[in-house]
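Undergrad:
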Ligand SMILES: [Zn+2]
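Residue numbers (this note's numbering): 8 to 140.
If you want it as structure tokens, here you go:
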């Protein structure tokens with residue numbers, strides 16, 4: 008503890024208070040951070056043609072070299088993150104967040120260009136799809 012700054016000690020002390028007296032869980036912390044930090048820095052940049060192949064953070068399909076993509080940069084859990092998405096996957100994510108703003112998604116596990124409602128049911132631009140997720 009001697010190497011810690013006073014500020015770091017204060018953070019640890021507050022953290023101990025939260026977990027022991029107020030019952031905070033890591034899950035709650037994540038929601039807290041997503042609500043305040045991600046929204047405080049989040050930027051999307053369209054790319055006309057990627058210079059190399061990228062993983063799409065929405066779907067399992069790769070974004071091939073030379074294809075259009077969206078580059079996302081954001082801060083989560085105090086650290087800078089960046090990823091790429093197919094343009095239609097970015098649209099799908101926005102549609103999903105519109106109907107279920109607090110949702111989070113697992114990377115690479117949605118269908119390309121498909122949105123999901125609060126029940127996890129897929130839809131495209133307002134039309135429900137058959138067959139579930
Ligand atoms: Zn995609």
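Virtual Cβ for every residue (Gly too), placed ideally from N, Cα, C. Computed from a predicted structure; not experimentally measured.
Do residue 106 and residue 128 have their beta-carbon atoms positioned less than 7 Å apart in this structure?
TA: Within the chain shown, numbered from 1, the residue matching residue 128 stands at position 121. Within the chain shown, numbered from 1, the residue matching residue 106 stands at position 99. Result no, Cβ atoms of residue 128 and residue 106 do not sit closer than 7 Å.
Undergrad: Can you tell me which residues fall inside 5 Å of ligand 1, judged by beta-carbon distance to its nearest heavy atom, and keep chain order?
TA: Working through the chain, the matches are 63, 65, 66, 93, 96, 119.
Undergrad: Excluding the 5 residues preceding and the 5 following residue 52 in the sequence, name in chain order all residues of the same chain whose CB lies nearer than 6 Å to its CB.
TA: Here the question's residue 52 lines up with position 45 in the chain shown. Contacts found: 78.
Undergrad: Going by C-alpha distance, which of 119, 50, 98, 65 is nearest residue 111?
TA: Residue mapping note: residue 111 aligns to position 104 of the chain shown, counting from 1. Residue 111 has its Cα closest to that of 65, out of 119, 50, 98, 65.
Undergrad: Look at the alpha carbon of residue 60 and the alpha carbon of residue 99, and state the distance between them as a whole number of angstroms.
TA: Taking the chain shown and counting its residues from 1, the one referred to as residue 60 is at position 53. Taking the chain shown and counting its residues from 1, the one referred to as residue 99 is at position 92. Computed Cα separation, rounded: 21 Å.
Undergrad: Please state the DSSP three-state secondary structure of residue 122.
TA: For the purposes of this step, residue 122 is taken as residue 115 along the chain shown, with counting starting at 1. It is a strand residue.
Undergrad: At which residue ranges does the region 48 to 126 contain complete alpha helix (DSSP H) runs of 4 or more residues, listed in the order of the chain?
TA: Whole alpha helix (DSSP H) segments, 4+ residues: 94 to 106.
Undergrad: Leaving aside the five residues before and after residue 118 along the sequence, list all residues of the same chain whose C-beta is less than 7 Å from its C-beta, in chain order.
TA: For the purposes of this step, residue 118 is identified with residue 111 of the chain shown, where counting begins at 1. Excluding positions up to five away in sequence, the list reads 66, 129.
Undergrad: Just to check, is the beta-carbon of residue 80 closer than 6 Å to a non-hydrogen atom of ligand 2?
TA: Of the ligands one can find in the structure shown, namely ligand 1, none is ligand 2.
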